[in-house]
Each structure stands twice: as structure tokens, then as C-alpha cells.
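S.K.: Numbering (this note's numbering), first residue to last: 1160 to 1211.
Starting off with a structure, shown below.
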Amino acid sequence: FDPVYGARPLRRLVQTAIGDKLAKGILAGQVLDGDKVVIGASDDGELTLKTS
């Protein structure tokens, strides 16, 4: 949180991290059209991507 900018920098970081992970999943063929995607975090803090 930044007193001047509020939560905008945090929002941007989360949006970028999730967008990058999702894009990589799509390009790798892990995410297909119509899939439901769940983004989580592993014990070491890395984002995880699961589809159903």
C-alpha cells in the first residue's frame, strides 16, 4: 500500500502476475477455450494454474 497512490501499485502487480501466468498457460496449451482456471500459490510463493 502506498499512501500517495493507494492500492493501485498492488493491483497492477497482481493483474500483471496473473495475466502473465494465464498467457503462458494458453501458449503452452494448458488452458483451452472454455476451461475454468483457478490461480493459486504454492508454498514457495509461486503462482499455480489449474484448469477444469
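Ideal Cβ placement from N, Cα and C applies to all residues, glycine included.
Tell me whether residue 1209 sits in a helix, a strand or coil according to DSSP, three-state version.
M.R.: strand
S.K.: Does DSSP put residue 1204 in a helix, a strand or coil?
M.R.: Coil, per DSSP.
S.K.: Taking the C-alpha atoms as reference points, what is the distance between residue 1162 and residue 1170?
M.R.: Taking C-alpha positions only, residue 1162 is separated from residue 1170 by approximately 14 Å.
S.K.: Classify residue 1197 as helix, strand or coil using the three-state DSSP reduction.
M.R.: strand
S.K.: Whose CA, out of 1165, 1173 and 1167, lies closest to the CA of residue 1200?
M.R.: Of 1165, 1173 and 1167, the residue nearest in Cα terms is 1173.
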